[in-house]
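Visitor:
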Amino acid sequence: MVKPTPTDLMEDAGTGLDYGTRPDRLPGFLTPVGRFFIRNHAPTPRLDPAAWTLRIEGDGVRRAVSYTYDDLWRRFPLTSVVRTLECAGNRRRLLCAEHGCRFEGVSWGRGAIGTAEWTGVRLRDLLKAAGLTDDACEVMPEGLDEVRARRPMPVAKALASDTLIALAMNGEVLPPDHGYPARVVVSGWLGAASIKWVGRIEVATRELRVPWNTDDYVLVPERHAPDQPADHPATADHSEPGIPITSVPVASLVELPWPACLPPGPNVVRGRAFAGERLIDAVHYRVDDGPWQAAEIGTRQEAGAWVRWQFRWDAQPGDHVIRVRATDDRGRTQPEHTPWNALGYCQHSVLAHPVHISEGVGEGGLIAQNSLD
């Protein structure tokens with residue numbers, strides 16, 4: 001890591017490379033750079049922008065082209081989009097608890113998600129100069145980290161107006177941990193598609209198969225669920241190919257520690273909801289066994305970005321459970337349970353969030369998170 005990861009703001013996922021955002025430390029709509037989650041497959045590289053180039057090549061372009069860092073700043077129009085990035089493994093620890101087994105992969109709580117304003121060049125503007133062939137079908141950015149992380153996408157997604165080569169984040173030059181000098185931002189897709197430290201883009205006339213869409217970041221069918229003890233890690237059976245993950249499912253987040261402790265009386269409970277490429281249409285909540293009620297959604301609603309929601313709660317002393325479920329604009333709602341998959345991806349069940357209401361007025365406040373977070 002290059003940036004500090006203090007425990008009062010960030011959650012150590014246990015790998016030495018990956019840190020989540022504490023859900024109770026989200027002050028505004030955008031996630032501050034210092035609190036934005038970090039997901040790395042290898043240590044953060046330190047790249048010299050004066051020596052860096054971005055090369056576009058492959059049998060799906062008519063000519064190979066290369067761009068310098070200055071080229072991107074000076075030769076192309078800049079655009080800014082507000083987009084949410086979420087790791088497909090977010091809430092993996094909760095999926096472990098849900099199915100009573102252990103999954104390989106980063107042990108995320110709820111914090112592998114964040115929203116930023118990304119500023120850069122539309123990828124389609126860079127591809128235009130290379131000249132896409134009529135049979136070009138896939139575009140694959142590749143990173144300059146040690147493992148050369150890469151993830152293909154269809155040409156249509158690469159040409160979307162909000163697929164960027166980002167140079168800045170929240171109004172600042174892109175930080176090293178988040179992809180400096182340039183990264184890809186693929187709106188609404190899993191975070192692994194938004195390749196950091198991008199140095200090469202392959203355009204192909206065939207399906208591209210790499211570890212990041214065959215062995216990892218795929219959903220292995222439920223029929224392979226293991227009959228094993230809870231302390232035995234689930235492993236993928238690749239006798240049949242998994243389904244590559246693209247857009248992430250609808251899910252919600254409560255901006256409280258797990259468990260939380262609040263004072264009695266009036267409280268405002270807040271959170272976020274995200275539906276990948278879709279819009280959030282509604283958010284509902286229930287306290288204990290009460291009825292489902294509509295939460296208030298913030299005015300900013302945009303595909304590819306989370307929304308803020310809130311509700312007022314006259315809390316009575318004792319132990320309670322808050323449940324929240326979000327629904328997207330296609331009517332898809334968070335389920336009670338997430339189907340098992342061998343790699344522990346895409347947990348989006350309705351969560352039973354424990355909250356203790358203290359007896360005395362003013363004795364509340366947020367307490368430290370337990371092992372689920």
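First residue of the sequence shown? That's 1 in the UniProt record's numbering, and the numbers climb one at a time after it.
Yeah, the Cβ is synthetic: ideal placement off N, Cα and C, and Gly gets one too.
Computed from a predicted model, the values in this text were never measured in an experiment.
(1) In angstroms, rounded to a whole number, what distance separates the CA positions of Glu172 and Tyr180?
(2) For Gly105, which residues in the same chain have their Cβ closer than 7 Å to its Cβ, ignoring the five residues on either side in sequence?
(3) Express the C-alpha separation of Ala13 and Ile165 in angstroms, rounding to a whole number.
(4) I think Ile297 touches Val203, with their Cβ atoms under 8 Å apart; what is that distance to the nearest whole Å?
(5) Which of the three DSSP states, helix, strand or coil, is assigned to Gly20?
(6) Where does Asp215 fall in DSSP's three states?
(7) With which residues is Asp12 paired in a DSSP beta bridge?
(8) I think Ile29 touches Arg312, with their Cβ atoms under 8 Å apart; what is that distance to the nearest whole Å?
(9) Only counting runs of 3 or more residues, tell me where the beta strand (DSSP E) segments fall wholly within the region 124-209, in order along the chain.
(10) Please report how far the alpha carbon of Asp145 lies from the alpha carbon of Gln316, in whole angstroms.
(11) Where Pro266 and Ile195 are concerned, what is the direct C-alpha to C-alpha distance, given to the nearest angstrom?
(12) Using the Cα positions of Gly318 and Val81, report the straight-line distance between them to the nearest angstrom.
(13) Which residues share a DSSP beta bridge with Asn282?
(14) From the beta carbon of Pro49, is the nearest beta carbon of chain B less than 8 Å away?
(15) Is it right to say Glu86 is buried, meaning 16 or more other beta carbons lie within 10 angstroms of its own, or is it exposed?
(16) Roughly how many angstroms lie between the CA atoms of Asp329 and Asp281, to the nearest whole one?
(17) Count the CB pairs spanning the region 181-194 and the region 45-54 that are closer than 8 Å, and state whether there are at least three.
(18) Along the chain, where does the alpha helix (DSSP H) that runs through Arg92 open and close?
(19) Considering only their Cβ atoms, is the gap separating Arg308 from Val350 smaller than 8 Å?
(20) Once you ignore the five residues that flank Ala158 on each side, which residues in its own chain have a CB closer than 6 Å to its CB?
(21) Are Val248 and Cys346 closer than 8 Å when you measure CB to CB?
(22) With H, G and I counted as helix, E and B as strand and the rest as coil, what does DSSP make of Arg74?
(23) Rounded to a whole number of angstroms, what is the C-alpha to C-alpha distance between Gly34 and Ala156?
(24) Would Arg272 be called buried (16 or more neighbouring beta carbons within 10 Å of its own) or exposed?
(25) Are Trp189 and Thr246 close, meaning C-beta to C-beta below 8 Å?
(26) Take Glu255 and list the residues in its own chain whose beta-carbon comes closer than 6 Å to its own, dropping the five residues that flank it on each side.
(27) Please go through the same chain and pick out, in chain order, the residues whose beta-carbon is closer than 7 Å to the beta-carbon of Gly111, but skip the five residues on each side of it.
(28) Helix, strand or coil: which one does DSSP assign to Val81?
(29) Please tell me whether Ala168 and Thr119 are closer than 8 Å, where the distance is taken between their beta carbons.
(30) For Thr68 and Leu174, I'd like the C-alpha separation in whole angstroms.
Guide: This is what the structure gives:
(1) 11 Å
(2) Gly89, Arg92, Leu343, Gly344
(3) 28 Å
(4) Not confirmed; about 39 Å, so no contact.
(5) strand
(6) coil
(7) Tyr19
(8) Before going on, a small fix: residue 29 reads as Phe here, not Ile. At roughly 20 Å, the Cβ-Cβ gap does not stay under 8 Å, so Phe29 and Arg312 are not in contact.
(9) 138-143, 164-169, 183-185, 198-204, all fully within the region 124-209.
(10) 51 Å
(11) The straight-line gap from Cα to Cα measures roughly 44 Å.
(12) 43 Å
(13) Looking at the sequence provided, one finds Ala at residue 282 rather than Asn. Bridge partners of Ala282: Thr327.
(14) Note that chain B does not occur in the displayed structure, where there is just one protein chain.
(15) Note on Glu86: 16 or more other CB atoms within 10 angstroms of its CB, so buried under the neighbour-count rule.
(16) 5 Å
(17) yes
(18) 92-99
(19) No, they are not a contact pair.
(20) Leu123, Val139
(21) yes
(22) helix
(23) 33 Å
(24) buried
(25) yes
(26) Pro23, Asp24, Leu26, Arg270, Gly271
(27) Glu11, Gly20, Thr21, Arg22, Pro23, Phe37
(28) Note: Val81 maps to strand in three-state DSSP.
(29) yes
(30) 16 Å
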